[in-house]
Amino acid sequence: IPAHHRSATNLFSDPLDSHPLWFKPASFLSPDFDSESYISELRTFVPFDTLRSELNNYLSSLNHELIDLINRDYTDFVNLSTKLVDVDAAVVRMRAPLVELREKIEQFRGSVDVSLVAIKNGLKQRS
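One gets the working numbering by counting positions in the sequence shown from 1 and adding 739 to each.
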């Protein structure tokens, strides 16, 4: 592509589908990412229309990537949904024994607490 056909965004970035230096897609993956502060920070030096355009382009590329991944691994994707149904059945089967186990643990914890109080009272009486 001749230089006169490149947009200002793509002029200094290679390849053409890469993002401008100020746009950091990895920021979205941060556990403490805050969209409002991210936009507010970028708005100090990036025009709103440019920012909106870049975010829309990124959203579009993510959608295309998702579709490509689903199409590439379509069989695995379909199998996953089948396996998830099996997981639901397993969870239902395991729920009752787990609830029963939790109740037994809570009863045991209660008896341990009673014993601990009795031991502490016995130690207080000795001293």
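By construction, the Cβ of each residue, glycine as well, lies at the ideal position given by its N, Cα and C atoms.
**Item:** Euclidean distance between Cα positions of Pro770 and Pro764
**Value:** 13 Å
**Item:** Span of the alpha helix (DSSP H), counted from its first residue to its last, around Ala835
**Value:** Tyr813 to Arg865
**Request:** Check whether the Cβ atoms of Glu793 and Phe762 lie closer than 7 Å to each other.
**Result:** yes
**Asked** Taking DSSP as the reference, what is the three-state secondary structure of Thr789?
**Response** helix
**Item:** Segment limits, alpha helix (DSSP H) that includes Leu760
**Value:** Unbroken run through Leu760: none, as it is neither H nor E.
**Message:** Taking the beta carbon of Leu781 as the centre, do at least 16 other beta carbons fall within 10 Å, making it buried, or is it exposed?
**Reply:** buried
**Message:** What does the alpha-carbon distance come out to for the pair Pro836 and Asp815?
**Reply:** 32 Å
**Asked** In terms of residue numbering, what span does the alpha helix (DSSP H) encompassing Ser774 cover?
**Response** Ser774 to Arg782
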